[in-house]
Each structure stands twice: as structure tokens, then as C-alpha cells.
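Take a look at the structure below.
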Amino acid sequence: FPQLNLIFGAHTHTILSAPSQVGDVSIFQAGQYGRFLGNLLLRCYADGSHKVLSYDLVEIDKRKTEDEEIQRVIDQMQAERNARFAHPIAQLPAPLDGERDSIRNGRSTLAPLITQALFEQAVSFGYQPDGAVINGFGIRTSLSAGPVYYSDVVKVLPFSKRVLLVSIRGEDLISSLTTGLHPQVHGIQRRGNRFGINGRAVEPAKNYRIVTNSFVWSGKDNYNEFHKATIIRDLGLDVDILSNFLEEKFGN
């Protein structure tokens, strides 16, 4: 990785008591769940090189006395979070299937609702989008029939991605929908590797206004060409947009 000098990671939950060196790149990992605090002293040079002067992991001992002021802030934040998560937003007459197999096989009843919610968010801002696209595996669970709470919506979309209205060339849209991992769409029709919008074939040289999320826009999950799209408007967080949509459609 010639463009990188340092990597600080935690996603693998690996504990590195000493930095791992791969070529000129130093890699540091401090475990998971706040168990350790990584303490690094680093010297950086004008030529872009660096030297690790010291590095150690400080284990956070839960038996130590809590700082009362910090704990008050934490307690207040947790109380606000718990109140929001316990807020009832909807009453579903039937379950909405968001399971991975259903998404993979095109049988999800939750995915179309999510893409519709994102599409209508753009409409509410005064835009006329051509369609909506999200990555299917960003949907992590289903919604059961009956009361739905904000915490349930967070479980469905736990990554809280930004929703973006973008302008993308037809050829890049076609490529991304062809290579992307289980795209979920609204307003876009597919037959094999042919795509249509508003009853017409997607034109490679034409620009389309598409609602998507920041994950797809960055080209991840093989939506490679989406990163070429130009952002028109940030529409908010996907979890909040879906929550508001459910409350509007199925609220008490």
C-alpha cells in the first residue's frame, strides 16, 4: 500500500500488543469493545516516513472508580437514547420480510418499502428522481407484524448510511446494477442485463437522478461505477427516513 503509512483497525477484534509491519506500513489494533486504549508515540519525517517510538495497550479496568461527571453525561445520553429507541412509530398489519435469503432471491417485502421510502424522501425535497438503488445486504433483519419501535428500524438498517440524490450516467448505472451485489431498486425495471426507467430502456449517454446511499455511492459491494456519480443533495440518514415513512404509512 504505497499510499498508506499507518493503519489503525478494530473491525477484526484482533489484539496487537506490538505493531505489525507490512513493508513500510505499521498496523495497530487495540482489540474491541473499549477493552484497551492504544497508546502510541510516533515520530513523522518530512519525507513521509515514520518511526514508532513507543506503543502499548492500556487495559481499561472496570473496577476502577468511575468519574462522576463523565458518568452523569453517559447516563443522560443513555436515557435519551433509550427513550428514542422505545418510541413506537407504527403498527404493521403484516410482517415485512428482510431476511438475507429473501433478498438474494428477490422475495423480500421489506426491501421495496425501503427503496420507496428513500425515493419519496427525494420527492419531498422537491426533486423528481428517476429511481432508487440500495445494496440488499445492508438490510439486516425483518419487521414483525404489530408494533414497531425505533429500535426495530435501527436493527433493520444498523449502519445509518447517508441517503444521497446523485446524477449518474446511464452506462455507469447499468454497469453498477449488473455487477452490484443484490441491488434493491424502486422505479427501475430489469430483464436479464437490460434495464428500464419509466418504460424506456436506460440510455448509456443520458444522465439519471438516482437516490442511493453512501455505501453504494462509494462503489462498495461491486457497485464500482457509482463512485463516478455527482451528488446533488444529501437527503438524511436512511434509518430516520425509513422510520418517518413507516410512521406516516402505518402510524397510529
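For the record, in the sequence shown the residue sitting at position 185 is 185 according to the UniProt record's numbering, with numbers rising by one throughout. For each residue, glycine too, the CB sits at the ideal point set by N, CA and C. Predicted model only: the values in this text are computed from it and were never measured.
Backbone CA spacing between I27 and S124 [nearest angstrom]: 45 Å
Bridge-paired residues (DSSP) for N224: None, per the DSSP bridge assignment.
For residue 294, three-class secondary structure by DSSP: Residue 294 is absent from the model: the chain starts at 1 and stops at 252.
6 Å CB neighbourhood of N222 in its chain, flanking five on each side removed: T179, G180, L181
I241 and V185 closer than 7 Å at C-beta: no
Beta-carbon proximity of L165 to I232, cut-off 7 Å: yes
Separation of V156 from A145, as counted between CA atoms: 14 Å
Cβ shell of D172 (< 8 Å), same chain only, five flanking positions each side left out: E225, F226, K228, A229
I168 versus A94: straight-line alpha-carbon distance, rounded: 36 Å
Run of the alpha helix (DSSP H) containing residue 255, from where it starts to where it stops: Limits of the chain in this structure are 1 at one end and 252 at the other, which puts residue 255 out of reach.
C-beta atoms of V211 and V153 nearer than 7 Å: no
K161 CB to nearest heavy atom of the ligand ADP below 6 Å: The model on display carries no ligand, and the ligand ADP is accordingly not part of it.
Nonlocal neighbours in the same chain, by C-beta distance under 8 Å from K84, ignoring five residues either side: Sequence check: residue 84 is Arg here, not Lys. Closer than 8 Å at the Cβ level, and outside the excluded window around R84, lie Y150.
Opposing strand residues paired with H87 [DSSP bridges]: Its beta-bridge partners do not exist; DSSP assigns none.
Option nearest N135 by Cα separation, candidates T109, D75, R104: R104
Under 7 Å between C-beta atoms of I174 and V202: yes
Through-space distance from K161 to G106, alpha-carbon basis: 22 Å
Beta-carbon gap between A79 and F245 smaller than 7 Å: no
7 Å CB neighbourhood of E99 in its chain, flanking five on each side removed: S142
Residues near N213 in its chain [Cβ-Cβ closer than 8 Å; skip 5 each side]: L118, I134, N135, G138, K161, R162, V163, L164, D238
Separation of F159 from V25, as counted between CA atoms: 29 Å
One or two residues paired with S26 in a DSSP bridge: L6, Q21
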